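What follows is a single structure, written as structure tokens, with notes after it.
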Amino acid sequence: MNSKIVLFFQYMYKYFQVSLCFWLSLLKGLVVYSIVPSFCTLFLVLRDINKGEDEEKNKNVKLLFNHYYESFKMYKVTSFIYTFSMIIVYTCLFFVNKQTNAFSLVLSILLIYFLAMVLLMLTYSTAFLAFKNMNVKDGNIHAFLAIIKNPINSVSILVIIILLFIAAGYNLVFFVVFGPFLYGLGVIFSLVKVLEVEK
């Protein structure tokens, strides 16, 4: 029993380190240029920790994070496109919600749909880049098709994102500490079968 408690806290400590490294990696590229490599790295480091490969490789979380980040840091343009898309859609949604007419309601629904699609595309494509070693073009094509073919998985990921967004509104510290690794674990478990099927 005591050994299980110790193991639990060891894993939690590693997960907290993952969250810290994630935020630092985002800041490294001023968020705009580092969102794709940071997401890819987040998924791979969490996978290694869950499989115990971090101990097999004799690398701590920081070393693993830096190692994987270097492999994906060339995706600056892709990161910029995703970040810019999210900013544009969210900004439009903010201003549309200030209006009070039937057209603004329809436009709000469309913008929410586009925002959800951008978030899902970012999640799926970075998962394919990380786990399937795809290039950006193939990763995005497979991501788009996977979103459509796997609605339950897509909804699950959106629920995770929404819950974390709500948590950030209530307690920013909780979001900073728990958000990245909870999101990463949620994505990994949600897309296990999808990643096995996709070639």
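The opening position of the sequence shown corresponds to residue 1083 in my numbering, with each subsequent residue numbered one higher. Beta carbons are placed, not taken as given, at the ideal position from N, Cα and C, and that holds for glycine. Quick caveat, the model's predicted, so the values are computed rather than measured.
Check: What residue range is occupied by the uninterrupted alpha helix (DSSP H) comprising Thr1182?; Outcome: From DSSP, Thr1182 is part of no alpha helix (DSSP H); its letter is neither H nor E.
Check: On a CA-only basis, which of Ile1131, Thr1123, Leu1106 and Gly1111 is nearest Leu1089? Give me that one, please.; Outcome: Ile1131
Check: Report the residue from Tyr1150, Leu1264, Asn1222 and Ala1212 whose alpha carbon sits nearest the alpha carbon of Val1241.; Outcome: Leu1264
Check: Pairs of beta-carbons, one from the region 1167–1178 and one from the region 1130–1150, closer than 8 Å: are there three or more?; Outcome: no
Check: Apply the 10 Å Cβ neighbour rule to Val1237 and answer buried if 16 or more other Cβ atoms are within range, or exposed otherwise.; Outcome: exposed
Check: Between Glu1212 and the rest of its own chain, which residues show a CB-CB distance below 6 Å, the 5 nearest in sequence each way excluded?; Outcome: Note on residue identity: the sequence assigns Ala, not Glu, to residue 1212. Answer for Ala1212: Cys1122, Phe1125 and Leu1126, listed in chain order.
Check: Quick check on DSSP: helix, strand or coil for Ser1238?; Outcome: helix
Check: Is it the case that the Cβ atoms of Thr1208 and Val1118 are separated by a distance below 7 Å?; Outcome: yes
Check: Could you give the C-beta distance for Val1200 and Val1171, rounded to a whole number, given that I count them as a contact under 8 Å?; Outcome: 6 Å
Check: Whose C-alpha, out of Val1258, Asn1222 and Lys1096, is nearest the C-alpha of Tyr1157?; Outcome: Asn1222
Check: Are the region 1149–1165 and the region 1105–1113 touching by the rule of at least three beta carbon pairs closer than 8 Å?; Outcome: yes
Check: What ranges does the alpha helix (DSSP H) occupy inside the region 1115–1153, keeping only unbroken runs of at least 4 residues that lie completely in it?; Outcome: 1117–1133 and 1135–1138
Check: With a 10 Å radius around its C-beta and 16 neighbouring C-beta atoms as the bar for buried, classify Leu1227 as buried or exposed.; Outcome: exposed
Check: Pop quiz: Pro1262 and Phe1104 are said to be a contact at Cβ under 8 Å. What is the actual Cβ separation, rounded to whole angstroms?; Outcome: 4 Å
Check: Just to check my reading of the structure: Ser1190 and Ile1239 have Cβ atoms closer than 8 Å, yes? What is that Cβ distance to the nearest angstrom?; Outcome: Actually they do not touch by this definition, with Cβ atoms about 22 Å apart.
Check: Got a sec, what are the start and stop residues for the alpha helix (DSSP H) Val1088 sits in?; Outcome: Asn1084 to Lys1110
Check: For Tyr1093, count neighbouring Cβ atoms within 10 angstroms of its own Cβ and tell me buried if that reaches 16, exposed if not.; Outcome: exposed
Check: Would you kindly work out how many angstroms separate the C-alpha atoms of Ile1163 and Pro1233, rounded to a whole number?; Outcome: 24 Å
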